[in-house]
Structures are given as structure tokens and as C-alpha cells.
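Residue numbers (the working numbering): 19 to 365.
Glycine included, each C-beta is placed from N, C-alpha and C at the ideal position.
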Amino acid sequence: MSKKDHLLEIDELEVRYPAAGLFARLRGAEGFVTVLPGTSLAIERGTTVGLIGESGSGKTTLGRAVMGLAPISGGRIRLDRDTVTSRRDRLWPGMRRKTAFMFQDAVASLDPRMRLGLSVTEPLVVHRMLEGDRREKAIALLGLVGLSPDFADRYPHEISGGQARRVTVARALALEPELVVADEPTAGLDLSVQGELLNLLNDLQERLHVSFLLITHNLAVARHVTDRIAIMYLGRIIEEGPSETVFRAPAHPYTRALLAAKETVDVDRLISGEVPSLKQRPAGCEFRTRCPIARALCAKKAPRPQRLENGHSAACHFAATAQGSAPSPRDTLNPPESQTKEDNDHE
């Protein structure tokens, strides 16, 4: 994938927040928590990239940063021909017209006092892009996601969770964006409704040639609809590549562990061990405290992404030798006792 094909380029992006609350800072507390420590990712035009990781991995923060909803302390974001390096950049208004964000809680993201027809056309009003009759535009947008015209007159409390999600998809497409950031779009939905929604997103991508950044911790969802997969751990992309390649031949121990228990699709249930604190990141490889193949080198040196085959890369010292099918669920996911002691001594 050449850079000229990229719609979105995230380059060494840093996002950090104050480590303490307002009152603690007034008492003199200092310091910041770095959520994204220099994260890079690219999305090709007309494709879907799945961003996978455990809760607290930084997935949503990355998505919010792309929308200008998180403070940028370093790096850059390029969308099409526009590049920004801070949340105050004057180019953000134009970039926001090219993007849309689907919040995780579809029902909560809809104004309970506003009819759905007004909700889906609200972005057009905000950006002063509404042409023609607003109701006709609302009916057209709702029809795009398989909802009948009468939904324009309903309120959020009168529809199901799956229907609410379709409404948010319609609203996201109102500005005809080039990129849609979808945060856990299937969360809380029954399996049958999940399938319908995923098929809808696939269909819309083919028809509208829109790109998606799909944030999820559901492996089955990611495999079903994505072209490429990016695995995130503690705010870093540790493996990235074509979806089928990553699922068939994972190269990073973290990815291999995620795929080990095939009967479980929720990554938050798959890996034992505590996720390190963002305030005290482990030295060297940040996954080594939970890694089954950690060695002394891992505590001394942070791995850089290794390029493998077919646009596949992994940030692991042993990626080239570890690449292959996912390990058995019986395999330990905790470092050997000797390695744990060695790491503690190092720290």
C-alpha cells in the first residue's frame, strides 16, 4: 500500500492527560499520563481497518484524536491533503466535515427530545450544508440504512437498540464523509442484530466507497468486516496487517494469545495477568510482564516494528520466528518464574 493511497495517516501521535484531578493539581500535584506514546496508523481509501485491544488500551482515545476530540501533544494527523498537529489547528473544521464519529452508546448519543428525522440531519444544519427539504433528506438517509419513512417522526425511546444504531449510521453519513470512526458499533446488540449491522456497513462501504476505522474488542466482528487489523496494547500498535494474514499467522505473542481461545471472542476475557499502569510503563517491551516467550532482551530494549510479508508487521524482537498459528489455550500466558524474577531485578 503506497502512501498516495492513504486517506488517513497518523504519524507518531502523542496524547496525554494530567495525572491528577483539578483539586489535586491546585494542591501542587504534577505530571501527565501518556495514553498514546507515539502511535502510527494508516487507512487506505475505501477500506475498513479494525483497531483491536483490551479495555483501556487507548483505542477510543485514538479515534477521538482523529476527530479532534482529544488533546494532541505530539505527532500529526493527515486526512486527505490536510495535516494537523494540535487540537487548536485552524484546519479542524474542514477535516471534521470529512469525518464522522459513531459513539459506542447509540441511544445515549441521540437527543431524547428530538425526533429522529431532525437528529440525522443535524450535522447538515450545524455545517450549513442542508439543501432542499429537511424532512425529505431525513427520509433518504433513514432509507439508506433500511429504516422506513415513519422513523423520521419517532423519538429515541420508541425504537430498539439495533434501530438506534442504524439511526446513528444514517447520521454519520449525512455529510457524505470520507472516513467514519465507529466505536464498538455492535456493543450490546444480539448476535443476529450484530450480523445485520455488519452486513449493512459492508454494503454501505461498497456503495459509498467510505473508509471505516472500526474500534472493537470483539475478534469475530473485526474478522467479519475489516480489510486490515491493527492490534493495540498500552496505546501502541504492536501488530498490523491484512486481516486474514493476522488471523491466520499472528506474529506478536499478544495477538497469538488473543486468538488462542477461539471459543471466546471478547479480548478482555482472553489474557491473564494485570495490564501495567500507564503511569508506570514497564521498561523495554511493555508486554513482557505477561508474555510467555519474554527474554532478558525484552526488559532491556523496546522492540521496533519488524516488516514481515504482504504488508504485515509486528513490534516484537522474535516476530520472525514466532509467526504462525495461534497457540493452544493450554499454553501459559504468564512469563516463566525465572523471567519474572529477572524482570523484577531489572526494575
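- prompt: What residues in its chain sit with their C-beta under 7 Å from that of His175, if we drop five residues either side in the sequence?
  reply: Cβ within range, chain order: Pro130.
field: Proximity below 8 Å, CB of Gly253 to CB of Gly76
entry: yes
query: Looking at C-alpha atoms only, which residue of Thr65, Arg146 and Leu80 is the closest neighbour of Val53?
result: Leu80
message: Rounded to the nearest angstrom, what separates Arg225 and Val187 at their Cα positions?
response: 14 Å
message: I'd like to confirm the pairing. Which residues does DSSP put opposite Gln324 in its beta bridges?
response: Ala332, per the DSSP bridge assignment.
- request: Locate the beta strand (DSSP E) running through Tyr35, then write down its first and last residues.
  value: His24 to Pro36
- request: Have a look at Phe336 and Cys303 and give me their C-alpha separation to the nearest angstrom.
  value: Near 12 Å, if we compare the C-alpha coordinates of Cys303 and Phe336.
query: Rounded to whole angstroms, how far is the Cβ of Ala240 from the Cβ of Gly68, which I believe are closer than 8 Å?
result: 4 Å
- prompt: So, is Arg325 buried or exposed, given that buried needs 16 or more other C-beta atoms within 10 angstroms?
  reply: exposed
task: May I have the straight-line CA-CA distance separating Ile249 from His227, to the nearest angstrom?
output: 24 Å
- prompt: In or out: Gln298 buried (at least 16 other Cβ within 10 Å) or exposed?
  reply: exposed
query: In whole angstroms, what is the alpha-carbon distance linking Leu218 and Gly161?
result: 12 Å
- request: In angstroms with no decimal places, state the Cα-to-Cα distance between Ala158 and Glu149.
  value: 13 Å
- request: Give the range of the alpha helix (DSSP H) segment to which Asp100 is assigned.
  value: No alpha helix (DSSP H) contains Asp100, which is instead part of the beta strand (DSSP E) from Asp100 to Val102.
- prompt: Which residues does DSSP pair with Gly68 in a beta bridge?
  reply: Leu232 and Ile247
field: Three-state secondary structure (DSSP) of Glu224
entry: helix
field: Val198 to Ala126 span [Cα, whole Å]
entry: 19 Å
field: Residues that Gly259 bridges to, as DSSP identifies them
entry: Beta-bridge pairing links Gly259 to Ile247.
- request: Decide if His145 is buried, meaning its Cβ has at least 16 other Cβ atoms within 10 Å, or exposed.
  value: exposed
Terminal residues of the beta strand (DSSP E) in which Ser58 lies: Phe50 to Glu62
query: Can we say the region 177-194 touches the region 202-220, given the rule of at least three CB pairs closer than 8 Å?
result: yes
field: Where Thr117 sits in the DSSP three-state scheme
entry: strand
message: Can you give me the C-alpha to C-alpha distance between Pro167 and Gly179, rounded to a whole angstrom?
response: 18 Å
message: Output needed for Arg82: all residues of its chain with C-beta closer than 6 Å, excluding positions within five of it in sequence on either side, in chain order.
response: Ala88
- request: Pick out whichever of Thr66, Tyr35 and Arg63 has its Cα sitting closest to the Cα of Pro55.
  value: Tyr35
query: Which residues share a DSSP beta bridge with Leu197?
result: Thr117 and Ser229
task: Could you check how far apart the C-beta atoms of Ile255 and Thr57 are, in whole angstroms? I think they sit under 8 Å.
output: The beta-carbon distance between Ile255 and Thr57, rounded to whole angstroms, is 6 Å. This is short enough to meet the 8 Å contact definition.
- prompt: Does the distance from the CB of His60 to the CB of Pro141 come in under 8 Å?
  reply: With the sequence shown as reference, residue 60 is identified as Ala, and His is not the correct amino acid for it. Result no, Cβ atoms of Ala60 and Pro141 do not sit closer than 8 Å.
message: Can you look up Ile311 in the DSSP assignment and give me helix, strand or coil?
response: Secondary structure of Ile311 (DSSP, three-state): coil.
- prompt: Hey, out of Arg172, Thr339 and Pro323, whose CA is closest to Ala333's CA?
  reply: Pro323
task: Could you give the DSSP three-state label for Gly76: helix, strand or coil?
output: Reduced to three states, the DSSP call for Gly76 is coil.
- prompt: Are any of the Cβ atoms in chain B nearer than 8 Å to that of Ala278?
  reply: Considering every chain present, this structure includes no chain B. It has just one protein chain.
message: If contacts are defined as beta-carbon pairs under 8 Å, then Ile95 and Ile28 qualify, I think. What distance do you get, rounded to the angstrom?
response: Taking 8 Å as the upper bound for CB-CB distance, Ile95 and Ile28 are in contact here, some 6 Å apart.
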